[in-house]
Each structure stands twice: as structure tokens, then as C-alpha cells.
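Enquirer: Protein chains in written order, with this note's numbering: chain A, 4 to 118; chain B, 244 to 355.
As C-alpha cells, this is what we get:
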């Protein structure tokens, strides 16, 4: 158990819908990262927040957005869902944004299925 | 951008030693990580190298050569539970932030 929690564990929804994935980082971690993992794409970095502010952006679609709240939990919002958005979505956290305590610890993931 | 290459699949026998290679091309290199991922589960952190040389952690060791853009993960005394995907990930500066980019993973199968 990494200490990172994600809800829900599974999500099944229809095309065109909007969903929100939630992540709580390990106690004391200030950075939260979101990743998408699909069979043909591997683990793709989406976005990073550090202490409430966006820190880095990866291959995140405009239909997706995220935020980190004052209590440091984070939400990833996916809208206008398409079949190709079906994937495992992982949240990870780290103590800092760089430096010696940077290693990222991953949550169990949310499996999103778009039908 | 970054380019990370690692073999897609490897097979080894229980009790043996296996070396998983990773080569990368990047600017702003700031460290290399290895993660283990069992199917359908979260990646778990194995090792971190930022300086050249070997880091040993029990049955797992990781080596880095920055000048060659090369790393390997060495697994000794293989156990059946080591069957998993092993992900090489490179950290690099992206503007003022450090970003982690993952390779596609090496699927290791340990046979009895």
C-alpha cells in the first residue's frame, strides 16, 4: 500500500459524458501527478500540481482538466468522453517537485471504460 | 522531446539473473527511475540513479551511465513473483519543472 488513494476503482460511462476522478496523496506529499495508461500507449504523463498550483503539463487533452485543492487532494475531470479515453488513470504523489524526495508513489488507479 | 528504449519482452528462469537494459535520449537529464508493475496494478518504485554507477538494493541493482544514455536493472535470484513489467523512466527539466517520462516497459516472465 503506497498511501495514495484513488476513487472510484472502476467507472463505466457512455460517450459524451463527463466524469471526475479523485486522488488523495500520501500524508506530507505536496506534489500530485496524473497519468493515463492504455494498452497501446503505455504510461503517459498528463499533468502535475504542486501545493495547489499547476507545475507541469504533459500530453493532456483540452477536454481534460485537473485541480489540486487546499487539503492537497486532486481531481481529474474528463469531459466529452470518447471510446479512446478508456484506460487506467493513475495518480501519484511525491514529497517535493524535485530533489532527493522526488520518487513518485502511485495509487491503485481508476479503470475507466467508455462505452 | 525524449526517447526511451527498452526491450518489449524477456524470459528467464527462476533462480537466475536477468539484466533489463534501457537507453534514452534527452536534454536536461535529471535522474533515472525503475518501476515494477504487475498487470492491472500500480507501478511501484524500485530504484533511482542520478550519478553514474551502480546502486544496489537487495536482489535489485540499477546502473547508470549518463555519457552513454544507458541504464540497466539487474535482478538476482529470480522468483516467480518477479514476473511483471519493468518501466524505465527518465526525469528531465521541462521549463522550470522536472517531468518524468516512462518507457513502454519490459515484460519479464520468470519460468519455473
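Just so you know, even glycine gets a beta-carbon here, dropped at the ideal spot from N, CA and C. Owing to the predicted nature of the structure, the values given are computational and were not obtained by experimental measurement.
Counting only C-beta atoms, is residue 112(A) closer than 7 Å to chain B at any point?
Expert: Answer yes: the Cβ-Cβ gap between residue 112(A) and chain B drops below 7 Å somewhere.
Enquirer: Provide the residue span of the beta strand (DSSP E) that contains residue 29(A), from first to last.
Expert: From DSSP, residue 29(A) is part of no beta strand (DSSP E); its letter is neither H nor E.
Enquirer: Report the three-state DSSP secondary structure of residue 324(B) (helix, strand or coil).
Expert: Note: residue 324(B) maps to helix in three-state DSSP.
Enquirer: Closer than 7 Å, CB to CB, is residue 306(B) near chain A or not?
Expert: No, residue 306(B) lies away from the interface with chain A (no Cβ there is under 7 Å from its Cβ).
Enquirer: Which residues of chain B have a Cβ atom closer than 7 Å to the Cβ of residue 31(A), listed in chain order?
Expert: Here the premise fails: no neighbours, minimum Cβ distance about 16 Å.
Enquirer: Let's test the definition: count the other Cβ atoms within 10 Å of the Cβ of residue 256(B) and tell me whether it reaches 16, buried, or not, exposed.
Expert: Looking at its Cβ environment, which holds fewer than 16 other Cβ atoms inside 10 Å, residue 256(B) is exposed.
Enquirer: Touch check for the segment 269-286 of chain B and the segment 309-329 of chain B: three-plus C-beta pairs under 8 Å?
Expert: The answer is yes - the segment 309-329 of chain B touches the segment 269-286 of chain B, with three or more Cβ pairs under 8 Å.
Enquirer: Tell me the rounded alpha-carbon separation between residue 287(B) and residue 9(A).
Expert: Distance between the alpha carbons of residue 287(B) and residue 9(A): 15 Å.
Enquirer: If you measure from the beta carbon of residue 291(B) to each beta carbon in chain A, is any gap under 7 Å?
Expert: Yes, because at least one Cβ of chain A sits closer than 7 Å to the Cβ of residue 291(B).
Enquirer: For the segment 254-271 of chain B against the segment 341-354 of chain B, do three or more pairs of beta-carbon atoms, one drawn from each stretch, fall closer than 8 Å, so that the two count as touching?
Expert: The segment 254-271 of chain B, when compared against the segment 341-354 of chain B, does touch it at the 8 Å Cβ threshold.
Enquirer: Let me see if you follow: with CB-CB separation under 7 Å, is residue 250(B) close to chain C or not?
Expert: The chain labelled as chain C is not found among the protein chains of the depicted structure, namely A and B.
Enquirer: Looking at chain A, is there any beta carbon in it that lies within less than 7 Å of the beta carbon of residue 303(B)?
Expert: By this cut-off, residue 303(B) is not an interface position.
Enquirer: Determine the direct distance from the alpha carbon of residue 89(A) to that of residue 340(B), and round the result to whole angstroms.
Expert: In a straight line, the C-alpha of residue 340(B) is about 28 Å away from that of residue 89(A).
Enquirer: Please list, in chain order, the chain A residues whose beta carbon lies closer than 9 Å to that of residue 312(B).
Expert: Going along chain A, no residue has its Cβ under 9 Å from residue 312(B), so there is no contact; the nearest lies around 19 Å.
Enquirer: Of the residues 347(B), 342(B), 315(B), 322(B), which one's Cα is nearest the Cα of residue 106(A)?
Expert: That would be 342(B), whose Cα lies nearest to the Cα of residue 106(A).
Enquirer: Would you be able to state if there are at least three C-beta pairs under 8 Å between the segment 18-38 of chain A and the segment 67-83 of chain A?
Expert: Contact between the segment 67-83 of chain A and the segment 18-38 of chain A is present, because at least three Cβ pairs lie under 8 Å.
Enquirer: Chain A partners of residue 343(B), CB-CB under 7 Å?
Expert: Under the 7 Å cutoff, chain A gives 48, 107.
Enquirer: Residue 281(B) and residue 327(B) - do their beta-carbons sit closer together than 7 Å?
Expert: Closer than 7 Å, so yes.
Enquirer: Counting Cβ pairs closer than 8 Å, one from the segment 36-44 of chain A and one from the segment 262-272 of chain B, do we hit at least three?
Expert: Verdict: no, contact absent.
Enquirer: Beta-carbon within less than 8 Å of residue 335(B)'s beta-carbon, same chain only, minus the 5 sequence neighbours each way: which residues are those?
Expert: Answer for residue 335(B): 245, 269, 270, 271, 272, 273, 341, 342, 344, listed in chain order.
Enquirer: Quick check on DSSP: helix, strand or coil for residue 64(A)?
Expert: Coil at residue 64(A), not helix or strand.
Enquirer: Is residue 87(A) helix, strand or coil when you go by DSSP?
Expert: Three-state DSSP puts residue 87(A) in a helix.
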